[in-house]
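Encoded as C-alpha cells, the structure appears first; notes follow it.
There are 4 protein chains.
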Amino acid sequence: MQLNAGCELTFDVQSPTPLVLMLRPRSGAGQWIIREEYQITPAVNVTEFTDLYGNLCQRVLAPEGPFSIHFSATVQTADLIDVSPGAPYTPVQELPDDVLHYTLPSRYCQSDQLGDLAEQITDGVEPGYDQAEAIRKWIHTNIKYEYGTSDASTSAVDTASKRVGVCRDFTHLGISLCRSLNIPARMVVGYLYQLDPMDLHAWFEAYVDGRWFTFDATQEQPRGNRITVAYGRDAADVAFTTQFGPMQLNEMKVWVDLAQPDMNESEKKAEKAPTVSASVGSNQQTDGVV
Amino acid sequence: MQLNAGCELTFDVQSPTPLVLMLRPRSGAGQWIIREEYQITPAVNVTEFTDLYGNLCQRVLAPEGPFSIHFSATVQTADLIDVSPGAPYTPVQELPDDVLHYTLPSRYCQSDQLGDLAEQITDGVEPGYDQAEAIRKWIHTNIKYEYGTSDASTSAVDTASKRVGVCRDFTHLGISLCRSLNIPARMVVGYLYQLDPMDLHAWFEAYVDGRWFTFDATQEQPRGNRITVAYGRDAADVAFTTQFGPMQLNEMKVWVDLAQPDMNESEKKAEKAPTVSASVGSNQQTDGVV
Amino acid sequence: MQLNAGCELTFDVQSPTPLVLMLRPRSGAGQWIIREEYQITPAVNVTEFTDLYGNLCQRVLAPEGPFSIHFSATVQTADLIDVSPGAPYTPVQELPDDVLHYTLPSRYCQSDQLGDLAEQITDGVEPGYDQAEAIRKWIHTNIKYEYGTSDASTSAVDTASKRVGVCRDFTHLGISLCRSLNIPARMVVGYLYQLDPMDLHAWFEAYVDGRWFTFDATQEQPRGNRITVAYGRDAADVAFTTQFGPMQLNEMKVWVDLAQPDMNESEKKAEKAPTVSASVGSNQQTDGVV
Amino acid sequence: MQLNAGCELTFDVQSPTPLVLMLRPRSGAGQWIIREEYQITPAVNVTEFTDLYGNLCQRVLAPEGPFSIHFSATVQTADLIDVSPGAPYTPVQELPDDVLHYTLPSRYCQSDQLGDLAEQITDGVEPGYDQAEAIRKWIHTNIKYEYGTSDASTSAVDTASKRVGVCRDFTHLGISLCRSLNIPARMVVGYLYQLDPMDLHAWFEAYVDGRWFTFDATQEQPRGNRITVAYGRDAADVAFTTQFGPMQLNEMKVWVDLAQPDMNESEKKAEKAPTVSASVGSNQQTDGVV
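Chains as they are written, first to last, in UniProt numbering: chain Z, 1 to 290; chain U, 1 to 290; chain D, 1 to 290; chain A, 1 to 290.
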C-alpha cells in the first residue's frame with residue numbers, strides 16, 4: 001500500500017536547547033521511502049548521523065522561541081506482516097553477532113527480572129515464534145490500554161505489576177518477556193495505518209527461525225502497513241526527539257493516509273494527537289507512542 | 001541556497017540484472033535534504049544499506065525490459081565553500097583513525113606512482129592547504145577538459161600522461177597527487193549548481209588542518225552550492241549505479257535549479273546529459289560524472 | 001608500569017550452554033597489551049566479534065561438565081590517571097556523534113530519575129570535571145562499601161536509596177548522576193593494581209572538555225595502573241561472562257602483579273576472589289566486579 | 001594444530017616516521033589465538049584501532065634510529081581448509097551487504113580489465129566454486145613463481161601480462177579474475193605452516209555458496225594450518241606495515257613452528273626471510289608476502 005504519513009511537532013523553547021531527532025525512516029525490509037519532506041522552522045543548521053542501530057538521527061540546537069518540525073513521507077508498505085506459527089527458536093549459539101545484544105536487559109526492559117512471568121505465560125508452548133505470540137496475546141488480554149497511566153520512567157516491571165499502559169509499555173513488556181526466554185527482541189517505533197486514535201506508535205520484533213518477526217500487543221490481529229522509523233533496545237534508544245534542556249512540546253499532529261494518485265497533499269488532513277506529557281529528567285525524550 | 005536537483009536514468013535490461021544505486025544524499029555538513037523523491041519504474045523490491053563510507057545504497061534486481069529511475073531532491077546548500085590559504089598540513093600521526101585509509105592508493109588513484117609529479121607541482125609550497133590548492137590549480141591549467149577522451153578504466157596515471165579527461169579524471173588525479181604527499185583525499189560525487197553543461201559531477205576533498213576542504217579542478221574559482229551524494233576512495237566506490245549484468249543506459253537527464261517558493265516542480269526543466277559510454281568489465285559502473 | 005594480570009574462572013555446566021566472554025583487553029589509550037594468553041578447558045570452538053562499543057567478545061558453547069577459562073596478560077599501563085580540576089563541561093551540541101548515546105539512561109543507570117540528587121550534590125560546583133569529581137567524592141563518602149549487599153538486579157536507583165554496594169553499584173550511581181547532568185558517562189571494567197581485596201573491578205569515565213576522564217568512587221585518591229577490558233553503558237553491556245543456560249561459577253581467581261624481568265609466571269601467585277552470587281534471570285551475567 | 005608463529009622486523013629510521021602496523025591476528029573462523037606477544041623497541045606510545053574490514057591496526061610514531069618489532073603468537077589452526085567442488089555461485093542479489101564491495105575493482109586488482117581472461121580460463125566450468133578453483137589452478141600452472149620480479153606497484157594486469165611474480169601477485173590476479181566473474185574475492189595475509197621458503201604469506205578467499213572459501217595459487221594442493229592476520233581488498237589495505245616517511249626495513253624474520261607441550265620458546269628458531277625491496281611512493285607499504 002502507498003501511504004502518506006507524517007507528523008508535526010510544535011515546541012516552545014525557553015533557551016537554546018540541543019535536540020536529537022529520529023524522524024527519518026530508511027528504506028529497507030518491507031518499506032520503500034518514495035518521498036520524504038522534512039522542514040524545521042525556523043531554519044537551523046542540522047547535522048545527520050547514523051546511530052549504533054543504523055537509525056538516521058538529526059542534531060539541532062533549537063533556538064529560543066517557537067520551534068516546529070514538520071515531517072512527511074510517502075511510503076510503499078507491506079499490506080501484511082509475516083506470521084509463522086511453529087517457527088522454531090533460534091539457539092543463542094546460532095544468533096548473528098549483531099543480534100546478540102538484543103538478548104540483554106535495557107533501561108525499560110529488565111528481562112532479568114521477568115523470567116518467572118515469561119515461563120508462566122509460555123508454559124507448554126513450543127519454543128520460538130509461538131512463545132513470542134503467546135506473550136503478545138497475553139499482554140493484549142491482560143494489560144489494560146489506557147492513556148495517562150504511565151510516563152517516561154515507566155518500565156516493563158512497572159507495567160507487569162500495574163497491568164495498565166500504552167503502546168510503549170506494551171512493547172517494553174513484550175520485549176522483556178521474550179528476552180527472558182533468550183529470544184532477542186527489539187523496539188520499533190513508527191507509524192501504523194488506521195491506528196485509532198492516530199498517533200506515533202511502537203511495537204516489537206522478536207528474532208526466531210533466523211529472522212525478525214513483527215508483534216504488536218496493542219492489536220487484536222496481525223496488521224501490516226507499518227512504517228518503521230527506528231529500531232533499538234527500548235524507548236531510551238528510539239525516542240522521536242531527545243532534548244537536552246528546557247523546551248515544551250505544545251502540540252503533536254500525526255497522520256497516516258492512503259496515498260491517492262495525484263493527491264500528494266492528502267496528509268494535510270492530519271489528525272491531532274494528544275500532547276505528550278513532559279518526561280522526567282534532564283534529557284527528556286519524546287516518544288508519545290501509543 | 002535552496003536547489004531542486006535530480007536525475008532520471010533510463011535503461012534497457014536484457015535479462016534480470018542486480019543493480020546497486022547510490023543516489024540518495026544524506027543531510028550533513030553543509031547540506032540539508034528538505035525533500036526527496038525516488039521512483040523506480042517498474043516498481044521492484046528495494047533494500048537499502050549503508051556502505052563502508054556511510055553512503056546510503058539501494059539494491060534492486062532490475063527486471064528484463066525498460067527500467068527507469070527518477071530521483072529528485074530539494075536541498076539547502078551552502079553558497080560558498082570554505083577556502084583557507086595557509087591552513088597547515090595535518091601530520092599523519094594526528095589523523096583520525098577513520099581518515100587514515102584515504103592516504104592509501106586505490107583503483108584509479110595510484111598515489112604510489114605519482115610522487116615525483118606531486119613534488120614538482122608543489123615545489124616551494126607550504127605543506128597543507130596550499131599544496132592541495134596548487135595541485136588543483138595545476139590540473140585545471142594543464143589538463144584539457146574534453147568529453148569522450150576517457151572511459152571507465154582510465155586512471156590517474158593515464159590522465160597524468162595523456163593530460164586530457166573529464167571531471168572524474170581531474171578528480172582522480174587531484175586525489176592521487178594529494179595522497180602522494182600524505183594528504184588524505186577522497187572523491188565526492190554529486191551535483192553542482194550552474195555546472196555547464198549540466199551533468200552529474202565529481203570533485204575531491206583534502207584533509208588538512210584537522211578537517212575536509214573542497215577542491216574542484218574543473219572550475220576556475222571556488223564555487224559552492226554543491227550537493228554531495230556519496231564519498232569514497234575513487235570512482236569504484238561511488239558509482240551512481242553499479243550493474244552486474246547486461247543492461248544499457250539509454251538516457252540520463254540531470255538537473256539543478258533554483259528552488260522558488262511555490263514552484264515545487266521546477267525540476268521538470270531537465271537538461272539532457274550525454275549518454276554514458278558503456279564501461280569495460282562485467283560489473284559496469286555508471287558514473288558519467290563530468 | 002608493567003603488570004601481569006589475569007583471571008581464572010571455573011564453572012560447572014549442567015547442559016551445553018552458550019556463553020559470551022569479554023576478557024580480552026585491547027591496546028589503546030593508556031595501555032599496551034604486550035602479551036596475552038587465553039586458555040579454555042576443555043578446548044572448544046571459539047569465534048570472536050567486536051560489539052557495538054568496540055569490545056572484543058568471544059562466543060563459545062560450553063559443554064556439559066567442568067569448564068574453565070584462564071586469561072592472563074602483561075600490560076604496560078599508565079602510572080597516573082589524568083585529573084583536570086576546572087576542565088569545562090562539553091555542551092551537548094559539541095559532543096561527538098558516537099558519544100551521544102552515553103547521555104541516555106540504561107538498564108542499571110536510570111539517569112532520568114536521579115536529577116534531583118545530582119543537582120543537590122553539585123550545587124554551586126562549576127559545570128564539567130568538577131561536577132563529575134563532586135559526584136565521585138559524594139559516592140565515596142556516602143555509599144558504604146560492603147560485599148553481598150547487592151546483586152545482578154541492583155540498579156543506581158536502588159543504590160541511591162540503600163546507600164550500600166560494591167564497585168559495580170558505585171559505578172552505576174556515578175554514571176547515572178553524571179548523565180542526569182548531561183555529562184556522558186560510561187562503565188569500564190578491568191583490573192586495578194593493588195586493589196584490596198583483589199578482584200575484577202569496575203569504574204566509570206565521564207566526558208568533559210572534549211575527552212574521557214577516569215573516575216573511581218571506590219578509591220580515596222586518583223589511582224593509575226588500570227587495565228581496561230571493556231567499555232559500555234552499564235553492567236548489562238560489559239559483563240565478563242554472559243551465560244545463556246544452566247552453569248555455575250564455582251571459583252574465580254583474579255590477580256594483578258608487578259611484572260618483573262624474567263618472571264613471566266608471576267601471575268601464578270593468584271589471589272582468590274569470592275564466588276559471584278548467581279544472578280537472576282535466564283541469561284546470567286558474571287561481573288563480580290568490586 | 002597448535003602453531004607458534006611470529007615475525008621480527010628491524011628498521012632504520014632516518015627521522016620520526018608515522019607507521020601503521022597490522023600484525024595482530026584476531027580469533028575467528030578457524031583460528032584461536034591462545035597466546036600473543038608484541039614488543040616494540042624502543043618502547044613508544046601505541047594506539048590501536050579497528051579498520052574498515054575489522055582488522056586490528058596499531059599506530060606508532062617510530063623515533064629516529066634503530067627500531068624493531070617482535071610479534072609472536074601461539075595459535076590453534078585448522079589442519080584442513082574446506083574444499084567444496086560444485087558449490088554453486090551466489091547470485092549478486094543474494095550477497096550480504098558487507099560482501100558486495102569485494103566485487104569492485106581495487107588498486108592492484110583491476111577486475112574491470114580482466115574479464116576476457118577470466119572467461120577464457122573458466123570456459124565450460126560450472127559457476128561458483130569450480131570457477132574460483134579453475135582460476136587458482138590456472139595461475140598456479142601459468143604464472144611463474146620468482147622472487148624479485150615484481151614490486152610494490154605491480155598489479156594484476158601486470159602479472160597477467162608478465163606471467164611471473166610472488167604470492168602477492170598470484171593473489172591479486174586470482175582476486176581480479178574472480179571479481180570479473182562477479183564472485184566476491186578478498187586478500188588474506190598471514191602465515192602458512194611449512195611454507196618454503198618461510199615468509200609472510202598472502203592468499204585469497206572467494207565467496208560462493210553463501211560463505212568464504214580459501215584459495216592459494218602458490219600451492220599445488222589445498223593446505224590448512226594458516227594464520228590469518230588481516231583481510232582486505234588487496235595489498236593496499238593489508239600491508240603488515242604502512243610507513244609515512246623515511247625508514248628502511250633492514251631485516252625481517254618470520255617463523256611458523258609446531259607448538260610442543262612445554263616448549264614455549266620454539267619460535268626462537270626463526271628462519272630468516274629476504275629483505276623486502278623498498279616500495280615506490282611516499283607511504284611505503286611492507287608486505288613482503290610470498
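For each residue, glycine too, the CB sits at the ideal point set by N, CA and C. All values derive from a computational prediction rather than experimental measurement.
Just to confirm my understanding: we take residue 264 (chain Z), look at its own chain, exclude 5 residues before and 5 after, and list those with CB closer than 7 Å. What are they?
Summary for residue 264 (chain Z): the model assigns pLDDT 44, below 50, so the residue's position carries little reliability; its value from the coordinates is reported in the next sentence. Excluding sequence neighbours, residue 264 (chain Z) sits near nothing in its chain.
For the segment 58-78 of chain A against the segment 221-232 of chain A, do three or more pairs of beta-carbon atoms, one drawn from each stretch, fall closer than 8 Å, so that the two count as touching?
yes
Using a Cβ-Cβ cutoff of less than 8 Å, which residues in the same chain neighbour residue 110 (chain U) once the five nearest sequence positions on both sides are dropped?
155, 156, 157 and 176
Beta-carbon neighbours of residue 208 (chain D), restricted to chain Z and to distances below 7 Å:
In chain order: nothing, as chain Z lies at least about 15 Å away.
Strand pairing of residue 109 (chain A), partner residues [DSSP]
A:106
Where the beta strand (DSSP E) containing residue 13 (chain D) begins and where it ends:
2-13
8 Å Cβ cutoff, residue 46 (chain Z) in contact with chain D:
no
Please go through the same chain and pick out, in chain order, the residues whose beta-carbon is closer than 7 Å to the beta-carbon of residue 108 (chain U), but skip the five residues on each side of it.
155, 156, 172, 234, 235 and 236
Leaving aside the five residues before and after residue 19 (chain D) along the sequence, list all residues of the same chain whose C-beta is less than 8 Å from its C-beta, in chain order.
59, 60, 61, 62, 241, 242, 243, 244 and 247
For the 8 Å Cβ check, are there 3 or more pairs between the segment 201-216 of chain Z and the segment 128-147 of chain Z?
yes
Interface residues of the segment 243-255 of chain U facing chain A [CB-CB below 7 Å]
244
Assuming residue 54 (chain U) and residue 228 (chain Z) make a contact with CB atoms under 8 Å, what is their CB distance in whole Å?
With 8 Å as the limit, residue 54 (chain U) and residue 228 (chain Z) do not qualify as a contact, their Cβ atoms being about 20 Å apart.
Is there a Cβ from chain D that is less than 8 Å from the Cβ of residue 93 (chain Z)?
yes
Mind listing the chain Z neighbours of residue 29 (chain U)? Cutoff is C-beta to C-beta under 9 Å, in chain order.
47
Round the Cβ separation of residue 143 (chain U) and residue 165 (chain U) to the nearest angstrom and send it over; I've been treating them as touching at under 8 Å.
6 Å
Could you say which of Z:189, Z:213 and Z:98 lies nearest to residue 203 (chain Z) if we only look at CA atoms?
Z:189
Residue 48 (chain D) by DSSP, collapsed to three states: which one?
strand
Under 8 Å, CB to CB, which of the residues in the segment 123-142 of chain Z have a partner in chain D?
none
Cβ of residue 60 (chain A) versus every heavy atom of the ligand NAD: is any distance shorter than 7 Å?
Here there are no bound small molecules, and the ligand NAD is not part of this structure.
Between the beta-carbon of residue 138 (chain U) and the beta-carbon of residue 198 (chain U), is there less than 8 Å?
no
DSSP three-state call for residue 28 (chain D): helix, strand or coil?
strand
Going by the DSSP bridge assignment, what does residue 57 (chain U) pair with across the sheet?
U:49
Beta-carbon neighbours of residue 69 (chain U), restricted to chain Z and to distances below 8 Å
Neighbours of residue 69 (chain U) on chain Z: none; closest Cβ ~12 Å, over 8 Å.
Is it buried or exposed for residue 194 (chain D), if we count other Cβ within 10 angstroms and need 16 for buried?
exposed
Determine the closest residue to residue 217 (chain Z) out of Z:184, Z:140 and Z:260, with distance taken between C-alpha atoms.
Z:140
Once you ignore the five residues that flank residue 17 (chain D) on each side, which residues in its own chain have a CB closer than 8 Å to its CB?
61, 62, 243, 244, 245, 246 and 247
Using a Cβ-Cβ cut-off of 8 Å, state whether residue 169 (chain U) counts as contacting chain A.
no
Using 8 Å for Cβ pairs, my map puts residue 73 (chain U) next to residue 33 (chain U). What's the rounded Cβ distance?
6 Å
Once the 5 residues before and after residue 83 (chain D) are set aside, which same chain residues still bring their CB inside 7 Å of it?
222
Going by DSSP, name the residue or residues bridged to residue 191 (chain Z).
Z:227
Tell me whether residue 146 (chain Z) is buried or exposed, calling it buried when 16 or more other Cβ atoms sit within 10 Å of its Cβ.
exposed
Can you list the residues of chain A that residue 54 (chain D) reaches, using a CB-CB cut of under 8 Å?
50
What does residue 100 (chain Z) reach in chain D if we use C-beta pairs closer than 9 Å?
20, 49, 51, 57, 59 and 242
Limits of the alpha helix (DSSP H) - the one that residue 136 (chain D) falls within:
129-142
9 Å Cβ cut-off: residues of chain Z touching residue 150 (chain D)
Near residue 150 (chain D) there are no residues of chain Z at all, since even the closest Cβ is about 13 Å away, more than 9 Å.
If distances are taken between C-alpha atoms only, which option among Z:88, Z:21 and Z:183 comes closest to residue 99 (chain Z)?
Z:183
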